[in-house]
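See structure below.
There are 2 protein chains.
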Amino acid sequence: MGEGSAAARGSRTASARLLAVLDAFDAEHRALTLSALARRAGLPVSTAHRLVGDLLAWGGLERGDDGLLRVGLHLWEVAALAPRTIGLREAAAPSMGDLYEATHENVQLAVRDGLEVVFVERIAGRHAVPVLTRVGLRFPMSATGVGLVLLAFAPREVQEEALSSPLERFTERTVVDPRRLRSMLADVRRRGIAVSDRQVTMDALSVAAPVRGPDGDVVAALSVVVQADGAGPRTLAPAVRTAAAAISRALAR
Amino acid sequence: MGEGSAAARGSRTASARLLAVLDAFDAEHRALTLSALARRAGLPVSTAHRLVGDLLAWGGLERGDDGLLRVGLHLWEVAALAPRTIGLREAAAPSMGDLYEATHENVQLAVRDGLEVVFVERIAGRHAVPVLTRVGLRFPMSATGVGLVLLAFAPREVQEEALSSPLERFTERTVVDPRRLRSMLADVRRRGIAVSDRQVTMDALSVAAPVRGPDGDVVAALSVVVQADGAGPRTLAPAVRTAAAAISRALAR
DNA sequence: AGCGGACTTTCCGTCAGGCGGAAACCCTGG
DNA sequence: CCAGGGTTTCCGCCTGACGGAAAGTCCGCT
Chain A
0 MGEGSAAARG SRTASARLLA VLDAFDAEHR ALTLSALARR AGLPVSTAHR
50 LVGDLLAWGG LERGDDGLLR VGLHLWEVAA LAPRTIGLRE AAAPSMGDLY
100 EATHENVQLA VRDGLEVVFV ERIAGRHAVP VLTRVGLRFP MSATGVGLVL
150 LAFAPREVQE EALSSPLERF TERTVVDPRR LRSMLADVRR RGIAVSDRQV
200 TMDALSVAAP VRGPDGDVVA ALSVVVQADG AGPRTLAPAV RTAAAAISRA
250 LAR
Chain B
0 MGEGSAAARG SRTASARLLA VLDAFDAEHR ALTLSALARR AGLPVSTAHR
50 LVGDLLAWGG LERGDDGLLR VGLHLWEVAA LAPRTIGLRE AAAPSMGDLY
100 EATHENVQLA VRDGLEVVFV ERIAGRHAVP VLTRVGLRFP MSATGVGLVL
150 LAFAPREVQE EALSSPLERF TERTVVDPRR LRSMLADVRR RGIAVSDRQV
200 TMDALSVAAP VRGPDGDVVA ALSVVVQADG AGPRTLAPAV RTAAAAISRA
250 LAR
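Protein chains in written order, with numbering that gives the first Met the number 0: chain A, 0 to 252; chain B, 0 to 252.
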């Protein structure tokens, strides 16, 4: 016992409360009123009020002209110091640009966090297929191209854990059978490339390749997303693989 | 009395302490040991230890294989929700790419926060002049090209405040005379373009133009940084201006 | 105007829980 | 083997966080 919003409330630490305020924001709720925020964070308004005040003073939140609360610039500044974010982005940008030039499709870079992938950078073609992903977004590993790569090269324990929980289904083609997935992963490791064919949406297909850090372990994955019936993976694979390799080289320096 | 690290300690609010932990990180200190962090944050280790524990659990910090603490991915995810960050980036990316294609020089996008500019995005040419700026970095407004633009179009009060405090000098050519600066700003407003000629470093020159939001107010500034003795501002201005206008148009949609 | 509702801000008494000194623990290098 | 750095745990004191409540503010609606 002890769970349930009411009970949980009182037994939260001060930091947890502050962080809950930040967690009240997500892609669908980028701007909140104080009370909406309090509701979402599971806090009494008066408490939220004080915490928000602290965050406003610090720059972690900002109040727009419309009076709504949004995530502030200062938070972003700090966050920009995260490894696997700016540094990775900077190293990857030129090669991603090249890849975009070559394909004019969505080019994405993602890293693994726990059992999920987080998209760190993306070049969205003006005319490319619209995709669900966005920078800063989190996705389960099993479906996307980048996810397959990152899972294939993840430590044993992570793989086991990912395979043991039920796999989320997005389309009729999403692979949800662990045995099937396991063999796909072996394939990815062997070929150094992953293809997610209509496993996320029925109109898109992605081709991904691993990006390696200085010491050879896979730190990120690069992918290109194309129309499912367009140029096949066959032709894209080499380009993605070389671009990923170029990023790995840039990281080594 | 009352100031000085010791006295200040006790009189801090819980949130302030947590935020101080985050502030312990900066561009020169991206990875810290617990005690170094405590020192920088002005907190007793035991306190820092607990706060760090909370942040680790939340994902605001992460501990590397080397045992050092770094800013965590989850913080970045939240920060990515900040307006004038990802959204702006996404809107600006294509035009910035075009501008880079045209010039092959550093292309930068910045917004104003208080009396400073924060660089939000940058395309670093492989062969372009090395510059001091980096994404996530903060600079005083008076020297850089983007700063001049953002200051020129800032609200009256901001301008007054910026002009009333002494201007930081970077090179012998940095403008530090408020009267001189004031006339430069008028010029920027009139021409819709700002040139910072060797005001930050003696080898670089930047040309900047305003990016406007849907309601016409200046929300960001776009700039190109080139070798001080290279192609003059004369030739760059049109390109920068058009690219900035294209971004403004993208934002309007 | 007058009213109801939703949000924000302030106030304050209570008491949970944060705070931090100190000591134990754990390295690594001399 | 010890010295010096870091990390982690423990625990009693007491501060300052907590949140209910009420006042203040700003709508839109009739």
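We put the CB at the ideal spot given by N, CA and C, even for glycine.
Open item on the list: Is there a C-beta anywhere in chain A that falls below 7 Å from the one on residue 17/B?
Closed with: Residue numbering aside, residue 17/B sits at position 18 when the second sequence is read from its first letter. For residue 17/B, the answer is yes, since a Cβ of chain A falls inside 7 Å of its Cβ.
Task: Assigned secondary structure, residue 4/A (DSSP; H/G/I helix, E/B strand, else coil) - done: Taking the first residue of the first sequence as position 1, residue 4/A is located at position 5. With a pLDDT of only 37 at residue 4/A, under 50, the local geometry of the prediction cannot be trusted, and the value read off the model is given with reservation. Annotated three-state conformation of residue 4/A is helix, per DSSP.
Open item on the list: Can you tell me whether residue 213/B is buried or exposed? The criterion is at least 16 other CB atoms within 10 Å of its CB, across all chains shown.
Closed with: What you label residue 213/B is simply residue 214 of the second sequence in a count that begins at 1. Its Cβ having fewer than 16 others within 10 Å, residue 213/B is exposed.
Open item on the list: Assuming contact is defined by CB atoms lying nearer than 7 Å, are residue 93/A and residue 125/B in contact in what I supplied?
Closed with: Against the first sequence, residue 93/A aligns to sequence position 94. Against the second sequence, residue 125/B aligns to sequence position 126. It is a contact, given that the beta carbons lie within the stated cut-off.
TODO: Determine, using beta carbons only, whether residue 209/B and residue 217/B come nearer to each other than 7 Å.
DONE: Taking the second sequence and counting its residues from 1, one reaches residue 209/B at position 210. Taking the second sequence and counting its residues from 1, one reaches residue 217/B at position 218. Against a cut-off of 7 Å, the Cβ pair of residue 217/B and residue 209/B comes out as a contact.
- [ ] Use the C-beta contact count for residue 154/B: other C-beta atoms within 10 angstroms, 16 or more gives buried, fewer gives exposed.
- [x] Your numbering for residue 154/B matches position 155 in the second sequence. By the neighbour-count rule (16 or more Cβ atoms within 10 Å), residue 154/B is not buried but exposed.
Task: Under 8 Å from the C-beta of residue 85/B: neighbouring residues of chain A - done: Position 86 of the second sequence, counting from 1, holds the residue named residue 85/B. Neighbours of residue 85/B on chain A, chain order: 133, 134, 135.
TODO: State buried or exposed for residue 215/A, treating a residue as buried only when at least 16 other CB atoms are found within 10 Å of its CB.
DONE: Translated into positions along the first sequence, residue 215/A becomes position 216. Under this definition residue 215/A is an exposed residue.
Task: Any chain B beta carbon closer than 7 Å to residue 94/A - done: Stepping through the first sequence from its first residue, residue 94/A is reached at position 95. No, no contact with chain B.
Task: Beta-carbon neighbours of residue 77/B, restricted to chain A and to distances below 8 Å - done: Here residue 77/B refers to the residue found at position 78 of the second sequence. Per Cβ cutoff of 8 Å: 21, 22, 24, 70, 74, 78.
- [ ] Please classify residue 77/A: does DSSP put it in a helix, a strand, or coil?
- [x] Within the first sequence, residue 77/A is the residue found at index 78, counting from 1. It is helical.
- [ ] From the DSSP output, read off the bridge partner residues of residue 226/A.
- [x] Counted from its first residue, the first sequence places residue 226/A at position 227. Answer by DSSP bridge pairing, in chain order: 203/A.
- [ ] Going by DSSP, name the residue or residues bridged to residue 116/A.
- [x] Reading the first sequence from its first residue, position 117 is the one you call residue 116/A. Looking at the DSSP assignment, residue 116/A forms a beta bridge with 111/A, 138/A.
Task: Neighbour flag for residue 154/B against chain A, beta carbons, 7 Å - done: Along the second sequence, read from residue 1 onward, the residue named residue 154/B stands at position 155. No, no contact with chain A.
- [ ] Going by DSSP, name the residue or residues bridged to residue 31/A.
- [x] For the purposes of this step, residue 31/A is identified with residue 32 of the first sequence, where counting begins at 1. DSSP lists 68/A as partners of residue 31/A.
- [ ] Look up residue 187/B in the DSSP assignment and say whether it is helix, strand or coil.
- [x] Reading the second sequence from its first residue, position 188 is the one you call residue 187/B. In the structure shown, residue 187/B sits in a helix (DSSP, three-state: H, G or I).
TODO: Would you mind telling me which residues of chain B sit closer than 8 Å to residue 59/A, beta carbon to beta carbon, in chain order?
DONE: Stepping through the first sequence from its first residue, residue 59/A is reached at position 60. 18, listed in chain order.
- [ ] Using 10 angstroms around the beta-carbon of residue 45/A, count the other beta-carbons present and answer buried if the total reaches 16, otherwise exposed.
- [x] Position 46 of the first sequence, counted from the start, is the residue given in the question as residue 45/A. Per the 10 Å Cβ criterion, exposed.
- [ ] Return the residues of the segment 149-178 of chain A that lie within a Cβ-Cβ distance of less than 9 Å from chain B, sorted by chain order.
- [x] none
- [ ] Please decide whether residue 111/B counts as near chain A, where near means a Cβ-Cβ distance under 7 Å.
- [x] Taking the second sequence and counting its residues from 1, one reaches residue 111/B at position 112. Nearest CB-CB separation between residue 111/B and chain A: not below the 7 Å threshold.
Open item on the list: Counting only Cβ pairs nearer than 7 Å, list the residues of chain A close to residue 50/B.
Closed with: Against the second sequence, residue 50/B aligns to sequence position 51. Per Cβ cutoff of 7 Å: 14.
Open item on the list: Spatial neighbours of residue 66/A within its chain, please: C-beta separation below 6 Å, excluding the five flanking residues on both sides.
Closed with: The count along the first sequence starts at 1 and reaches residue 66/A at position 67. If you ignore the 5 residues before and after residue 66/A, its C-beta comes within less than 6 Å of no other C-beta in its own chain.
Task: Candidates 96/A, 242/A, 80/A, of which the one nearest residue 253/B by Cα - done: Given a span of 0 to 252 for chain B in the structure shown, any question on residue 253/B remains unanswerable.
Open item on the list: Distance cutoff 7 Å, beta carbons only. Does residue 117/A sit that close to anything in chain B?
Closed with: Taking the first sequence and counting its residues from 1, the one referred to as residue 117/A is at position 118. So, interface residue.
TODO: State yes or no: is the beta carbon of residue 81/B nearer than 7 Å to at least one beta carbon in chain A?
DONE: Indexing the second sequence from 1 puts residue 81/B at position 82. Under the Cβ distance rule, residue 81/B counts among the residues neighbouring chain A, one pair being separated by less than 7 Å.
TODO: Could you tell me if residue 161/A is buried or exposed, where buried requires 16 or more neighbouring beta carbons within 10 angstroms of its beta carbon?
DONE: For the purposes of this step, residue 161/A is taken as the residue at position 162 of the first sequence. The C-beta of residue 161/A has 16 or more other C-beta atoms within 10 Å across all chains shown, which makes the residue buried.
- [ ] Determine whether the Cβ of residue 53/A lies closer than 7 Å to any Cβ atom of chain B.
- [x] Position 54 of the first sequence holds residue 53/A. Yes, residue 53/A lies at the interface with chain B (some Cβ there is under 7 Å from its Cβ).
Open item on the list: I'd like to know whether the C-beta of residue 211/B is nearer than 7 Å to at least one C-beta of chain A.
Closed with: Numbered from its first residue, the second sequence carries residue 211/B at position 212. It does not; no Cβ of chain A falls within 7 Å.
Open item on the list: I'd like to know whether the C-beta atoms of residue 247/B and residue 145/B end up nearer to each other than 7 Å.
Closed with: Counting from one through the second sequence, the residue named residue 247/B turns up at place 248. Counting from one through the second sequence, the residue named residue 145/B turns up at place 146. It is not a contact, given that the beta carbons lie outside the stated cut-off.
Task: Straight-line Cα distance separating residue 166/B from residue 178/B - done: Stepping through the second sequence from its first residue, residue 178/B is reached at position 179. Stepping through the second sequence from its first residue, residue 166/B is reached at position 167. When rounded, the distance between both Cα atoms is 12 Å.
Open item on the list: Below 9 Å on C-beta distance, what does residue 29/B contact in chain A?
Closed with: The residue given as residue 29/B occupies position 30 in the second sequence. The contacting residues are 80, 81, 82, 86.
- [ ] Please confirm if residue 8/A has its CB atom under 7 Å from at least one CB of chain B.
- [x] By 1-based counting over the first sequence, the position of residue 8/A is 9. Bear in mind that a pLDDT of 47 at residue 8/A, under 50, signals an unreliable position, so the number given afterwards is only what the model happens to contain. So no, residue 8/A is outside the interface.
Open item on the list: In the DSSP output, what is residue 220/A paired with across the bridge?
Closed with: Along the first sequence, read from residue 1 onward, the residue named residue 220/A stands at position 221. When beta bridges are read from the DSSP output, residue 220/A appears opposite 109/A, 209/A.
TODO: Determine, using beta carbons only, whether residue 253/A and residue 50/A come nearer to each other than 7 Å.
DONE: Chain A is shown only over 0 to 252; residue 253/A falls outside these bounds and no answer can be derived.
Open item on the list: Using a 10 Å radius around the Cβ and a threshold of 16 neighbouring Cβ atoms, would you call residue 180/A buried or exposed?
Closed with: As a first step, residue 180/A must be located in the first sequence, where it is residue number 181. Buried, since its Cβ has 16 or more Cβ neighbours within 10 Å.
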